[in-house]
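Trainee: There's a structure below that I have some questions on.
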Amino acid sequence: MSMSFRAVTRAGLVGGAALLAAVLTTTSASAASAELAYSCDYGVGATEGTGDATAQWDSSIGEGVVTQMGRDVSIDPFAGTITLPEGFTQALRDAGIDEVDGQRPAATGDARGLLLTLVDGSDEEYPVELSFQTFSVPAEGPLVITIGGEGGSVFPAGVGTNTLVASDFVLSVGTGDQGPEAGMSCTLTDEGDISIDTFEATAAPTPTATATATATASETATPERPDVVQTDFADDSHSSAAPLLLGGSAAGAVVALMARGVRRGATRRH
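Pasting the structure below:
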């Protein structure tokens, strides 16, 4: 991507420094997040800058959702609205870009962006892959895009009320076949309520112990130890942003690089 590796790496390392400094308050389970404040490092071709953005996120978690510990809750379909930094929008105008596109490219299927979410009280990160339709770049004023997302499921952090919270995001913006590469890495700076949705979790049933009348031969015999082979396909379906290492494209590479920096910052909980 045209943003220098220096700028991209710097943004990744500092991304999340203010990640979850907000004090959480309980909100309605069916409500979207507040309009959250972000600081973004962006690039459009050779133009780089830093500017403020806002975003509002919502998941499919409805009011009154109750699950058991150890069971997941779907957050799909995920949605959001982002007001992009004014400097980024002006850079698009200066480059002669009339429209931006955030659909997955047919050639690669790469996600256009990634938002990290967490369940408060847990160290688990849940990445949401982002995409958006075509939007016209306004002649003046802010560029606001509506986001769709795919995040799968989240797990409760404990018995009682669980809060899904927002974190940092990265975004790659399509500018046409002949247009410059463009994108941004945005750090959550909001110091207010960063919750998206809430759900309840109950304790899992306690298994009933079953008494064994007699020991079996297998309980006393020396067990055979199978060979253990480490593969590259260990199940880690909801704890890594690695799936966004997509096809080696510029957009996928930037998203993956920034996600690694964001994930490091995500452990800095309040």
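If you use my numbering, the sequence shown corresponds to residues 2 to 271, in order. No residue lacks a Cβ here, since even glycine has one placed at the ideal position from N, Cα and C.
1. Under three-state DSSP, which class holds Leu-85?
2. What is the residue span of the beta strand (DSSP E) that Thr-176 lies within?
3. Less than 6 Å between C-beta atoms, sequence neighbours within five positions excluded: which residues of the same chain meet that for Phe-79?
4. Could you tell me if Arg-72 is buried or exposed, where buried requires 16 or more neighbouring beta carbons within 10 angstroms of its beta carbon?
5. Go to Gly-52, then tell me how far its beta strand (DSSP E) extends in each direction, as first and last residue.
6. Which value, in whole angstroms, describes the spacing of the CA atoms of Ser-168 and Leu-117?
7. Roughly how many angstroms lie between the CA atoms of His-239 and Asp-191, to the nearest whole one?
8. If you compare alpha carbons, which of Ala-54, Ala-33, Leu-37 is closest to Met-185?
9. Residues bridged to Val-67 by DSSP?
10. What span of residues does the beta strand (DSSP E) with Asp-102 cover, start to end?
11. Within the same chain, show all residues whose beta-carbon is closer than 7 Å to that of Val-174, passing over the 5 residues directly before and after it, in chain order.
12. Compute the distance between the beta-carbons of Leu-1 and Ile-98, then report whether it is under 8 Å.
13. Is the stretch 32-47 in contact with the stretch 77-91, if contact means three or more CB pairs nearer than 8 Å?
14. Ends of the beta strand (DSSP E) at Val-145?
15. Report the rounded CA-to-CA distance for Pro-106 versus Ala-38, giving the unit in angstroms.
16. Comparing alpha-carbon positions, which option in Val-66, Ser-40, Asp-95 lies nearest Ala-202?
17. Hey, how far is the Cα of Ala-47 from the Cα of Thr-68?
18. Can you tell me which of the three DSSP states Asp-169 falls into?
19. Does the Cβ of Ala-56 have 16 or more other Cβ atoms within 10 Å, making it buried, or fewer, making it exposed?
Mentor: Judging by the given coordinates:
1. Assigned with DSSP and collapsed to three states, Leu-85 falls in coil, not helix or strand.
2. Thr-176 -> no beta strand (DSSP E), and no H or E assigned at all.
3. Once the five neighbours on either side are set aside, the close Cβ partners of Phe-79 are Ser-60, Val-129, Gly-150, Gly-152.
4. That one is exposed.
5. Annotation: the continuous beta strand (DSSP E) that includes Gly-52 extends over 48-59.
6. C-alpha separation (whole angstroms): 5 Å.
7. Residue confidence is low: His-239 scores 36 on pLDDT, short of 50, so the model does not pin down where it sits. Its coordinate-derived value is still stated next. Separation of His-239 and Asp-191 (C-alpha to C-alpha, rounded to the nearest whole angstrom) is 25 Å.
8. Per the Cα distances, Ala-54.
9. Answer is Glu-201, bridged to Val-67.
10. Per DSSP, Asp-102 belongs to the beta strand (DSSP E) from 100-103.
11. Excluding its 5 nearest sequence neighbours in each direction, Val-174 has C-beta neighbours in its own chain below 7 Å: Val-101, Gly-103, Ala-183, Gly-184, listed in chain order.
12. Residue coverage of the chain in this structure runs from 2 to 271, which leaves residue 1 outside it and unanswerable.
13. The answer is yes - the stretch 77-91 touches the stretch 32-47, with three or more Cβ pairs under 8 Å.
14. Its beta strand (DSSP E) spans residues 145-151.
15. In a straight line, the C-alpha of Pro-106 is about 29 Å away from that of Ala-38.
16. Checked all of Val-66, Ser-40, Asp-95; the closest Cα to Ala-202 is Val-66.
17. Taking the Cα positions, Ala-47 is about 49 Å away from Thr-68.
18. In the structure shown, Asp-169 sits in a strand (DSSP, three-state: E or B).
19. Ala-56 counts as buried, since no fewer than 16 other beta carbons sit within 10 angstroms of its beta carbon.
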